[in-house]
Amino acid sequence: MNEFLPLLLVFLPFVPALISFALPERMAVWRDVINISFALAKLALVGFLLLSVEDGVTTEWRYEFLQGHDFILRTDAFALLFITLSAFLWLIATVYAIAYFGRGPHLARFFGFFNLCVLAATGVAMSGTAITFFVFYELLTLATWPLVVHKGDEKSLRAGRIYLIYTLAGSAAYLAGIVWLKSHVGTIEFAARPDLSGIPRLELTLIFILCIGGLGVKAALIPFHGWLPEAMAAPAPVSALLHAVAVVKAGAFGILRMIYDVYGIDTVSDLGLGPPLAVLAAATILYGSFRALMQTDIKKRLAYSTVSQVSYIILGASLIGPFAMIGGLVHLVHQGIMKITLFMCAGALANRMGIKAVADLDGAGRMMPVTMAAFSVGALGMIGIPPSAGFISKWYLGLGGLQSDARWVVAVLAGSSLLNALYFLPLLYRAWLLAPSQSHAPVRELDGAWNRMLVLPAAITALTVLVAGLFAAFPFSPLSWVILIAERGYLK
Amino acid sequence: MSPLDLLVAAPLAFMIAALLSGPWGRWWLLAAIPVMAGLTVWLLLLPEGSGHVVGGWTLPLGVQLRADGVAQLMVAATAVCAAIVGLYALHEFAPGADRSETAHGFAFWPLFYLLWGGANAGFLTTDLFNLYIALEMVSLAAVAMAAMGSLRAALRYFVIALVGSLAYLLGVALLFSNYATVDLTLLAEMARPDLATKTALAVMTAGLLIKAAVFPLHGWLPPAHAAAPAPASALLSAIVVKVGFVILLRLWFEAFPAIIAPAGLELLGWLGALAVLYGSVQAIRQDTLKALVAYSTVAQIGYLLLAFPLVATAAGTGGAWAGMTIHATAHMLAKAAMFLAAGLMLKAVNGHHLKDLHGLARAMPLTVAAFGLAAVSLMGLPPSAGFLAKFLLLEAAVEQGAVFAAAVLLVGGLLAAVYLFKPLAWAFAGSDTPVVVAKAPLRTAAPLALALLAVSLGFAGQAMVDITAGSPWAGPPATEAEDVQ
Numbered sequence: 001m002n003e004f005l006p007l008l009l010v011f012l013p014f015v016p017a018l019i020s021f022a023l024p025e026r027m028a029v030w031r032d033v034i035n036i037s038f039a040l041a042k043l044a045l046v047g048f049l050l051l052s053v054e055d056g057v058t059t060e061w062r063y064e065f066l067q068g069h070d071f072i073l074r075t076d077a078f079a080l081l082f083i084t085l086s087a088f089l090w091l092i093a094t095v096y097a098i099a100y101f102g103r104g105p106h107l108a109r110f111f112g113f114f115n116l117c118v119l120a121a122t123g124v125a126m127s128g129t130a131i132t133f134f135v136f137y138e139l140l141t142l143a144t145w146p147l148v149v150h151k152g153d154e155k156s157l158r159a160g161r162i163y164l165i166y167t168l169a170g171s172a173a174y175l176a177g178i179v180w181l182k183s184h185v186g187t188i189e190f191a192a193r194p195d196l197s198g199i200p201r202l203e204l205t206l207i208f209i210l211c212i213g214g215l216g217v218k219a220a221l222i223p224f225h226g227w228l229p230e231a232m233a234a235p236a237p238v239s240a241l242l243h244a245v246a247v248v249k250a251g252a253f254g255i256l257r258m259i260y261d262v263y264g265i266d267t268v269s270d271l272g273l274g275p276p277l278a279v280l281a282a283a284t285i286l287y288g289s290f291r292a293l294m295q296t297d298i299k300k301r302l303a304y305s306t307v308s309q310v311s312y313i314i315l316g317a318s319l320i321g322p323f324a325m326i327g328g329l330v331h332l333v334h335q336g337i338m339k340i341t342l343f344m345c346a347g348a349l350a351n352r353m354g355i356k357a358v359a360d361l362d363g364a365g366r367m368m369p370v371t372m373a374a375f376s377v378g379a380l381g382m383i384g385i386p387p388s389a390g391f392i393s394k395w396y397l398g399l400g401g402l403q404s405d406a407r408w409v410v411a412v413l414a415g416s417s418l419l420n421a422l423y424f425l426p427l428l429y430r431a432w433l434l435a436p437s438q439s440h441a442p443v444r445e446l447d448g449a450w451n452r453m454l455v456l457p458a459a460i461t462a463l464t465v466l467v468a469g470l471f472a473a474f475p476f477s478p479l480s481w482v483i484l485i486a487e488r489g490y491l492k
Numbered sequence: 493m494s495p496l497d498l499l500v501a502a503p504l505a506f507m508i509a510a511l512l513s514g515p516w517g518r519w520w521l522l523a524a525i526p527v528m529a530g531l532t533v534w535l536l537l538l539p540e541g542s543g544h545v546v547g548g549w550t551l552p553l554g555v556q557l558r559a560d561g562v563a564q565l566m567v568a569a570t571a572v573c574a575a576i577v578g579l580y581a582l583h584e585f586a587p588g589a590d591r592s593e594t595a596h597g598f599a600f601w602p603l604f605y606l607l608w609g610g611a612n613a614g615f616l617t618t619d620l621f622n623l624y625i626a627l628e629m630v631s632l633a634a635v636a637m638a639a640m641g642s643l644r645a646a647l648r649y650f651v652i653a654l655v656g657s658l659a660y661l662l663g664v665a666l667l668f669s670n671y672a673t674v675d676l677t678l679l680a681e682m683a684r685p686d687l688a689t690k691t692a693l694a695v696m697t698a699g700l701l702i703k704a705a706v707f708p709l710h711g712w713l714p715p716a717h718a719a720a721p722a723p724a725s726a727l728l729s730a731i732v733v734k735v736g737f738v739i740l741l742r743l744w745f746e747a748f749p750a751i752i753a754p755a756g757l758e759l760l761g762w763l764g765a766l767a768v769l770y771g772s773v774q775a776i777r778q779d780t781l782k783a784l785v786a787y788s789t790v791a792q793i794g795y796l797l798l799a800f801p802l803v804a805t806a807a808g809t810g811g812a813w814a815g816m817t818i819h820a821t822a823h824m825l826a827k828a829a830m831f832l833a834a835g836l837m838l839k840a841v842n843g844h845h846l847k848d849l850h851g852l853a854r855a856m857p858l859t860v861a862a863f864g865l866a867a868v869s870l871m872g873l874p875p876s877a878g879f880l881a882k883f884l885l886l887e888a889a890v891e892q893g894a895v896f897a898a899a900v901l902l903v904g905g906l907l908a909a910v911y912l913f914k915p916l917a918w919a920f921a922g923s924d925t926p927v928v929v930a931k932a933p934l935r936t937a938a939p940l941a942l943a944l945l946a947v948s949l950g951f952a953g954q955a956m957v958d959i960t961a962g963s964p965w966a967g968p969p970a971t972e973a974e975d976v977q
């Protein structure tokens with residue numbers, strides 16, 4: 001196996017990024033073609049890696065950037081879980097973004113930074129050491145900022161400012177944590193969990209708090225979630241891919257790496273750090289849902305829903321049990337495809353019909369049935385109705401709660417599902433059962449290539465939500481892959 | 493002949509040539525760049541700790557030039573900065589339509605070479621009196637360059653710089669009367685902790701702190717650096733303050749490490765921490781772009797001082813030492829890039845304020861990109877040389893349990909993000925494309941090249957660490973300098 005494969009996989013989006021920056025606006029068609037081709041190429045590469053990792057072959061690329069500090073890119077099963085998600089959704093979101101913006105001005109910059117974000121997210125997934133992770137994590141912050149402020153209005157600039165303050169402060173805390181830990185154990189390599197036995201418990205606890213707190217900013221754990229609803233000022237494709245998938249997942253992914261690959265579940269449970277984190281995650285789940293209930297803007301409602309849903313992943317990890325772990329890990333994928341569906345639908349509704357507020361949704365199902373059908377699948381998945389993917393996550397999390405003797409988790413899950421239903425079902429009711437208000441001109445949803453490119457990506461991801469739920473037992477389904485990860489490493 | 497002499501002599505020769513050739517003086521740059529590049533490569537290839545006594549006089553009578561790690565790194569970075577800033581300045585400092593423009597076009601080039609030669613002398617010399625001369629050469633050139641922007645600021649700079657020089661000279665005189673030598677390497681062997689030595693060290697340090705614009709002696713820097721023309725500001729912020737800093741290093745860590753009290757190091761560390769915080773807060777408060785960048789220099793110099801106690805405690809392990817010198821290099825490149833980019837942007841919109849940059853990212857994407865990349869390095873974010881420096885310093889601070897220093901490093905980075913993203917946010921604001929007057933678009937390449945270098949050096953970490961390790965007090969002591977005539 002070629003050792004440069006990980007390097008290629010991470011830096012592949014750099015090529016379309018540079019090309020996007022360089023091409024003048026009149027050659028936008030070429031930019032689109034190149035962006036889609038590279039997204040396809042990356043997906044093919046990921047497919048190849050999935051097969052080889054299933055066979056038990058992991059590849060690794062190392063570079064000693066400073067004596068005693070390795071820069072490692074590694075394709076392990078856990079990394080591929082995140083990479084497959086991001087590569088698939090990158091392709092979808094690229095097609096969607098092209099249709100969403102049409103031939104607007106100043107898109108070169110948008111697609112350039114969009115590609116850099118994907119590069120950073122892939123790097124986050126494949127990082128083999130804590131410092132490598134930090135490098136890509138910061139790159140993700142930097143590359144997202146121009147996308148958040150893309151519109152250039154006062155609201156976006158404010159969102160960009162808040163985003164930077166939160167995330168940079170978070171990564172500073174994380175950096176402090178890993179440097180502190182490194183001063184005890186040397187290089188923190190994920191594949192070779194460091195020996196923490198000689199470190200005082202208090203220090204270990206403080207380092208854990210610094211790291212999880214720092215990473216929790218991007219994962220939108222309360223009280224560090226404030227940036228996420230603000231960031232909804234960004235255009236819909238940014239909210240869809242980055243805020244639903246790349247950025248928040250980078251934070252959640254980092255927390256999972258911390259728990260499983262740096263501390264190890266034994267140390268975490270030995271230090272008694274699991275329960276407080278589980279409580280914090282549960283609080284975030286409920287708080288996010290409550291706030292979502294109160295929003296009148298669709299995107300804001302979805303944003304608070306993200307705050308809530310991402311914490312399922314952290315809840316799963318903090319319960320320290322096989323079922324909970326599987327539920328949390330699989331939710332990393334399931335939440336991604338469900339939330340991107342919802343955001344892409346919201347963007348399509350705003351783009352075609354000018355619908356931004358919940359109250360405007362009346363009768364939208366008749367005007368844009370495909371979009372609303374996809375939205376409905378995503379929403380029902382979020383609530384956790386079988387056979388959607390969301391049901392699988394919640395099922396395993398609930399089992400995990402029982403297994404870890406934390407019955408309250410089941411109550412939290414039930415309460416959250418109820419809240420999910422309360423804030424999603426009225427949307428579906430309005431869209432499908434109420435008559436359209438007179439103000440909307442008729443919309444032909446699938447007329448022309450542009451409109452199809454706007455609507456079909458959401459339809460595809462909605463279908464994926466169903467497939468991931470229905471065929472969860474098949475090989476290469478998110479669930480099977482997560483069970484493979486759990487069996488290979490984390491349960492030992 | 494040795495590259496050590498030539499690195500000082502060649503710029504001075506070019507200075508005379510530029511003086512003599514009048515309106516064509518600026519074109520000497522095209523000869524100077526290859527010559528200096530060759531000499532710099534030669535310097536980098538010299539074996540570790542190579543020394544050379546000028547004119548064949550042996551110490552203590554002669555004057556020794558020596559290529560240790562810090563000198564190699566700083567001379568190389570200076571050469572890169574000066575060459576690129578020079579190319580940028582070719583257009584700006586040319587004979588022009590009116591008298592004052594033409595006068596600036598004539599005056600800039602000899603000053604430019606004087607500064608370059610003086611800086612090289614400052615980095616390479618081990619003789620304290622010769623260092624005084626280097627310091628004066630650099631200060632003279634710097635004051636004259638500052639005067640091109642604002643006579644008032646330059647006069648203030650001149651007076652304060654004079655005080656600094658006199659303080660330093662007083663110290664040199666004290667040392668000479670005490671030890672009958674002013675060579676650093678010899679002083680290191682016979683340093684005694686007596687009152688005269690301590691007084692000398694104190695006044696010299698005070699003088700150098702002025703020259704390096706360390707808080708609270710930084711007052712002259714912001715007005716002078718903000719008012720000067722962009723290439724001059726770039727040279728002042730990138731190179732001039734570093735000369736004072738390197739001499740300070742030589743005094744504290746090479747000549748008198750034995751008699752330095754920990755309290756002294758702590759004091760410098762505190763000054764550095766205050767400089768980081770004060771400079772950053774002031775930068776946040778500015779609403780003109782060049783003043784913001786100038787205050788950022790005050791803050792960034794603070795990190796160098798903050799590292800002093802860390803370097804002293806680390807004693808030979810090299811991490812803190814490498815972090816400090818890499819920070820000086822990274823700041824040189826990034827700050828020069830930032831001033832040049834700022835100059836281009838402000839010229840294009842014909843304004844000074846942050847709000848004048850409105851929407852500029854669409855009109856001048858490459859210039860804004862250069863500014864942004866330089867900002868990444870200054871904030872200490874990866875991947876950049878600035879990050880490498882901050883990481884090494886942070887690691888040293890954590891290992892030594894210096895919690896306060898670690899906190900300042902982290903908070904300073906955040907504050908830098910606050911002030912540096914302010915102009916960037918203005919550049920991204922709005923959705924229209926402002927119409928700008930962009931003269932000589934090729935000049936954009938200068939800040940971009942410097943910024944890309946500052947960022948990409950982040951990938952060459954070990955190489956830089958290896959170079960800086962070749963300093964007498966960073967690794968195993970090399971008392972006898974080898975002659976490489």
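Protein sequence lines, in the order shown, are assigned to chains A and B. Mapping to the numbering used here: the first sequence position 281 is 281, numbers consecutive. Remember, the numbering used here sits 492 above the position in the second sequence when you count from 1. Even for Gly, the Cβ is constructed at its ideal location relative to N, Cα and C.
Members of the segment 154-175 of chain A near chain B, C-beta cut-off 9 Å:
Those would be Glu154, Ser156, Leu157, Gly160, Arg161, Leu164, Ile165, Leu168, Ala169, Ser171, Ala172, Ala173, Leu175, in chain order.
For Gly152(A), which residues in chain B fall below 8 Å Cβ to Cβ?
In chain order: Gly851, Phe920, Ala921, Gly922, Ser923.
Three-way DSSP call (helix, strand, coil) for His850(B) in this model:
Three-state result, His850(B): coil.
In chain order, what residues of the same chain have a beta carbon less than 7 Å from the beta carbon of Gly452(B), not counting five sequence neighbours either side?
No statement about residue 452(B) is possible, as the shown extent of chain B runs from 493 to 977 and does not include it.
Please check if any C-beta of chain B sits within less than 8 Å of the C-beta of Leu139(A).
With 8 Å as the cut-off, Leu139(A) counts as an interface residue toward chain B.
Taking the alpha helix (DSSP H) that Leu119(A) falls in, what are its first and last residues?
Segment 107-126, the alpha helix (DSSP H) holding Leu119(A).
What residues match up with His544(B) in a beta bridge as DSSP calls it?
When beta bridges are read from the DSSP output, His544(B) appears opposite Leu557(B).
List in chain order: all unbroken alpha helix (DSSP H) runs of 4+ residues lying wholly within the segment 766-833 of chain B.
Within the segment 766-833 of chain B, the alpha helix (DSSP H) runs of at least 4 residues that lie entirely inside it are, in chain order, 781-806.
Take Ala943(B) and list the residues in its own chain whose beta-carbon comes closer than 6 Å to its own, dropping the five residues that flank it on each side.
Closer than 6 Å at the Cβ level, and outside the excluded window around Ala943(B), lie Ala829, Ala862, Leu865, Ala866.
Listed from N- to C-terminal order along the chain, which residues in the segment 887-921 of chain B have their beta-carbon within a distance smaller than 7 Å of any beta-carbon of chain A?
Here the close residues are Glu887, Val890, Glu891, Ala898, Leu902, Gly905, Leu906, Ala909, Phe913, Ala917, Phe920, Ala921.
Neighbour-count burial assignment, Asp76(A), 16 or more Cβ in a 10 Å radius
The residue in question, Asp76(A), is buried, as its Cβ has 16 or more Cβ neighbours within 10 Å.
Entirely enclosed alpha helix (DSSP H) segments - the segment 874-925 of chain B, minimum 4 residues
Runs found: 877-891, 895-920.
When DSSP labels each residue in this structure, what does Phe65(A) get in the three-state scheme?
Phe65(A) falls in the strand class under three-state DSSP.
Beta-carbon proximity check, Leu496(B) vs Ala559(B), cutoff 8 Å
Their beta carbons are under 8 Å apart, which means Leu496(B) touches Ala559(B) by this criterion.
In the DSSP output, what is Thr617(B) paired with across the bridge?
DSSP lists Leu557(B) as partners of Thr617(B).
Closer than 9 Å, Cβ to any Cβ of chain B: which residues of the segment 103-114 of chain A, in chain order?
If the cut-off is 9 Å between Cβ atoms, the segment 103-114 of chain A has Pro105, His106, Ala108, Arg109 near chain B.
Taking C-beta pairs closer than 7 Å, name the residues in chain A that Pro875(B) reaches, listed in chain order.
Per Cβ cutoff of 7 Å: Val135.
Indicate whether at least one CB of chain A lies closer than 8 Å to the CB of Gln564(B).
Answer no: the Cβ-Cβ gap between Gln564(B) and chain A never drops below 8 Å.
Among all the DSSP beta bridges, which residues are the ones paired with Phe71(A)?
By DSSP's assignment, Phe71(A) forms a beta bridge with Tyr63(A).
Outcome for Gln67(A) when other beta-carbon atoms lying within 10 angstroms are tallied against a minimum of 16:
Gln67(A) should be labelled exposed.
What do you reckon, are the CB atoms on Gly328(A) and Gly316(A) nearer than 8 Å?
Going by beta carbons, Gly328(A) and Gly316(A) fall inside the 8 Å limit.
Option nearest Ala822(B) by Cα separation, candidates Arg644(B), Ala719(B), Leu873(B), Ala946(B)
It is Ala946(B) whose Cα lies nearest to the Cα of Ala822(B).
Quick one: complete alpha helix (DSSP H) runs, 4+ long, within the segment 560-594 of chain B?
As far as the segment 560-594 of chain B is concerned, its whole alpha helix (DSSP H) runs of at least 4 residues are 561-584.
Among the residues of its own chain, which have a CB less than 6 Å from the CB of Gly609(B), if the five just before and after it don't count?
In chain order, Val500, Pro503, Leu504 place their CB closer than 6 Å to the CB of Gly609(B), counting only its own chain and leaving out the 5 sequence neighbours on each side.
From the beta carbon of Leu142(A), is the nearest beta carbon of chain B less than 8 Å away?
Output row for Leu142(A): interface = yes.
Presumed contact (8 Å Cβ cut-off) between Leu728(B) and Met637(B), rounded CB distance
Between Leu728(B) and Met637(B) the beta-carbon gap is near 7 Å, inside 8 Å, which marks them as a contact.
Identified DSSP bridge partners for Ala357(A):
Looking at the DSSP output, Ala357(A) bridges to Asp297(A).
Alpha-carbon to alpha-carbon, Asp405(A) and Val149(A)
Their backbone Cα atoms lie some 46 Å apart in a straight line.
In this structure, does DSSP put Asp362(A) in helix, strand or coil?
Here Asp362(A) sits in coil by DSSP.
Can Arg777(B) and Pro715(B) be called in contact, C-beta distance under 8 Å?
No; because the gap between Cβ atoms is not below 8 Å, this pair is not in contact.
Name the residues in the segment 642-658 of chain B whose C-beta lies less than 8 Å from a C-beta of chain A; which are they?
Flagged: no residues at all.
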